[in-house]
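Q: Just so it is clear: in the sequence shown, position 8 is -4 by our numbering, and no numbers are missing.
Even glycine gets a Cβ: it sits at the ideal position worked out from N, Cα and C.
Since the model is a prediction, treat every value here as computed from it, not as a measurement.
Starting off with a structure, shown below.
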Amino acid sequence: MQNPILNPPAKQHQHGGYSVSEVTLANRNNGTLLETLHHDVTPIGAHYLLNHFDVPYVHNALDWKIAIEGEVAQPFSVTLNEILKQATVNNQTRTQRVTLECAGNGRANLAPRWPSQPWQVEAVGTSDWFGMPLKYLLENTALKSNAREIVFYGKDKGIDGGNIHHFARSLSVKDAMHDDVMLAWQMNGQPLLPQHGFPVRLIVPGWYGMASVKWLNKIQVIDHSFNGHQQTGTYVYQKDKAENGEPVTSIRVKSLLIPPGIPDWSSRKRLVQPGVVTLTGRAWSGDGAGIKKVKWCCDDVWQTATLHPSTDKYAWCKWTANWTATPGKHILSCRATDANGNIQPLTPPWDIAGFGNNAVQQVEVWCEAY
Ligand SMILES: Nc1nc2c(c(=O)[nH]1)N[C@H]1C(S)=C(S)[C@@H](COP(=O)(O)O)O[C@H]1N2
Ligand SMILES: [Mo]
């Protein structure tokens, strides 16, 4: 008999209820709680999580080594302890507030949907990441003139589509040298939690989350384009399987609102008192593009929301609006436009694996005095 893990059946698009494997993934990879969108910085335990494989057990962070190899004059390896010391002595440490979003966020709202982590809207969060610019490490590494891409490897290893690999992603040398790409070892003022990449990870601000490699232990400089599974076998926008597709990179403009009122425990449907309700939400986009405008909507009537300034270049901003709730059923939405004029679509853009779904969220509420 063929090993079914190394020779898996082809995946099929799904309609209707979730499969056992989707529920298993959802139990491991929690989303944020939408009510925590009140916070400028997501409380650590409420940050969404996306781990493809198992969380590596790391006994001693200070012994953690990052190997730097490939098209470099002199391959070497450096301990995290050494990186910390050098960064501090040379004044290279830095904090950036960055909104991360999973590229698959919104996947479950496509019909049919791809069987994978079934995010609805909740795979987003903002943290204060502390570490140092990756550039500082790369500038102290003599790259050979044929260096083209830099591959970042995580310690985690597993199987996808029959392919055994460590989680690994590449950036062009130019993108890797960007001032704002960082090696981060703290999140909101404390060491990274094991599930968020302890002891050190990459943060690529403005890109979807897959680029921010956790448990980083190898940096490989290569003279060609990387075709590892997580680079070309997935994270590619494709309208159909025959299409070559475009790599998934920057975050698309998006916004969310905190569902108002009180929830029903099992359906999560909302009950709202009649009267003035302050709606609050967040809006963000990729590549450091600010948010220009947020509109909000009740039952097809669009109005302009109040936009509050973002607290950092790559951090989401808050929006608020006063809604006068009247008895009955209502659908609430919000829609952001970024500084480049990109606006959220009203319906999900089609992608076979459900990447980059930035369609407007719809929140159903019932308004009644109780
Ligand atoms: N090594 C490694 N890095 C990884 C992943 C992973 O599975 N392994 N998941 C990526 C994906 S798809 C996302 S969205 C982010 C999630 O980061 P978080 O779990 O800290 O929110 O990490 C990225 N980095
Ligand atoms: Mo992701």
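Relative to the C-alpha of asparagine 93, which residue among Lys162, Asn(-9), Trp203 and Tyr196 is closest?
A: Tyr196
Q: Ligand 2: which residues have Cβ under 7 angstroms from any of its heavy atoms, chain order?
A: Leu38, Cys90, Ala91, Gly92, Ala111, Tyr196, Gly197 and Met198
Q: Rounded to whole angstroms, what is the Cα-Cα separation between valine 236 and alanine 91?
A: 8 angstroms
Q: Following a CB-centred definition, is glutamine 203 positioned closer than 6 angstroms to any heavy atom of ligand 1?
A: Sequence check: residue 203 is tryptophan here, not glutamine. Yes, the Cβ of tryptophan 203 comes within 6 angstroms of a heavy atom of ligand 1.
Q: If we ignore side chains and look at the alpha-carbon of each, how far apart do asparagine 310 and threonine 266 end up?
A: 4 angstroms
Q: Just grab the DSSP bridge partners of alanine 156 for me.
A: Tyr141
Q: Tell me the residue span of the beta strand (DSSP E) that contains threonine 308.
A: 305 to 313
Q: My output table needs one value for proline 182: the three-state DSSP class, helix, strand or coil.
A: Note: proline 182 maps to helix in three-state DSSP.
Q: Just the Cα atoms here: how many angstroms apart are asparagine 151 and glycine 263?
A: 56 angstroms
Q: When DSSP labels each residue in this structure, what does histidine 35 get in the three-state scheme?
A: Residue state, collapsed to three classes: coil.
Q: So arginine 270 and serine 243 are supposed to be a Cβ contact under 8 angstroms. How far apart are they, rounded?
A: 7 angstroms
Q: Considering only the alpha carbon of each residue, which of Lys(-1), His26 and Leu21 lies closest to threonine 268?
A: His26
Q: If distances are taken between C-alpha atoms only, which option among Leu21, Gln80 and Gln218 comes closest to isoleucine 147?
A: A check of alpha carbon separations from isoleucine 147 across Leu21, Gln80 and Gln218 identifies Gln218 as the nearest.
Q: Just grab the DSSP bridge partners of methionine 198 for me.
A: Per the DSSP secondary-structure output, methionine 198 pairs with nothing in a beta bridge.
Q: Going by DSSP in three states, aspartate 51 sits in which element: helix, strand or coil?
A: Note: aspartate 51 maps to helix in three-state DSSP.
Q: Give me the residue from Ala49, Glu89, Val351 and Gln0 with the minimum Cα distance to leucine 181.
A: When each option's Cα is compared against that of leucine 181, the closest is Ala49.
Q: Whole angstroms is fine: what's the gap from valine 155's alpha carbon to glutamine 349's?
A: Just to set this straight, residue 155 is phenylalanine in the shown sequence, not valine. So the alpha carbons of these two residues sit roughly 31 angstroms apart.
Q: Reducing DSSP to helix, strand and coil, say where aspartate 148 ends up.
A: strand
Q: Starting from the Cα of leucine 72, find the closest Cα among Pro121, Ser213, Ala341 and Pro44 and give me that residue.
A: Cα-wise, what sits closest to leucine 72 is Pro121.
Q: Would DSSP call tyrosine 225 helix, strand or coil?
A: strand
Q: Between Lys280, Leu259, Tyr223 and Ala313, which lies nearest to alanine 341 when the distance is taken from Cα to Cα?
A: It is Tyr223.
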